[in-house]
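Comments concern the structure below.
Numbering (this note's numbering), first residue to last: 306 to 451.
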């Protein structure tokens, strides 16, 4: 199968690093000097949900201190991707699954690559599984990397 736009969700976790490696391999495999597939590396900065229970407040405030760090997550991948590839870096704010699905739809991506788990058990408990949500709602193939 030939993919022209491969979107990889990247949050800095070990599984997202594996997903990035897999996406790079897919793009390299399909690379042709006439038609170069586009690799889109997307990082979503989690927007806080205002429906958190009061017990979640400490979790929210600890996350606020990480927001500045989150904006630099894509900087670390730029050194890992060969300069010969056609790459776009995207940072978005919002709910990760929704942001990934919306971007993929609006930009006609034909494959989404992501890790099976991202930011840890606590965030998964509060927000649900991002990868599960993307798999269930995507209109394009999703490759989940373990």
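The C-beta atom is built at its ideal place from N, Cα and C for all residues, glycine as well.
Check: As assigned by DSSP and simplified to three states, the class of residue 434; Outcome: coil
Check: Reduced DSSP category for residue 314 - H, G, I as helix; E, B as strand; rest coil; Outcome: strand
Check: Distance CB(residue 330)-CB(residue 417) smaller than 9 Å; Outcome: no
Check: Proximal residues to residue 322 (C-beta, below 7 Å), its chain only, five neighbours per side dropped; Outcome: none
Check: Residue 404 burial status per 10 Å Cβ neighbour count (16 or more: buried); Outcome: buried
Check: Close beta carbons around residue 433, own chain, < 7 Å, minus the five adjacent residues each side; Outcome: Unreliable placement is indicated for residue 433, whose pLDDT of 47 sits below 50; the coordinate value is still reported in the next sentence. Counting only Cβ-Cβ distances below 7 Å, and skipping sequence neighbours, we find nothing.
Check: DSSP three-state assignment for residue 397, whether helix, strand or coil; Outcome: strand
Check: Pairwise C-alpha distance: residue 445 and residue 386; Outcome: 24 Å
Check: Beta-carbon proximity check, residue 336 vs residue 390, cutoff 9 Å; Outcome: yes
Check: Element boundaries [alpha helix (DSSP H), containing residue 332]; Outcome: 319–335
Check: Integer-rounded CB distance, given that residue 350 should sit under 8 Å from residue 422; Outcome: About 18 Å; that fails the 8 Å criterion.
Check: Spatial distance of residue 324 from residue 377 (CA atoms); Outcome: 18 Å
Check: Residue 383, buried or exposed, once every other Cβ within 10 Å from all chains shown has been counted against 16; Outcome: exposed
Check: Cutoff 7 Å; reference residue 415; Cβ partners in own chain excluding five residues on either side; Outcome: 308, 309, 310 and 445
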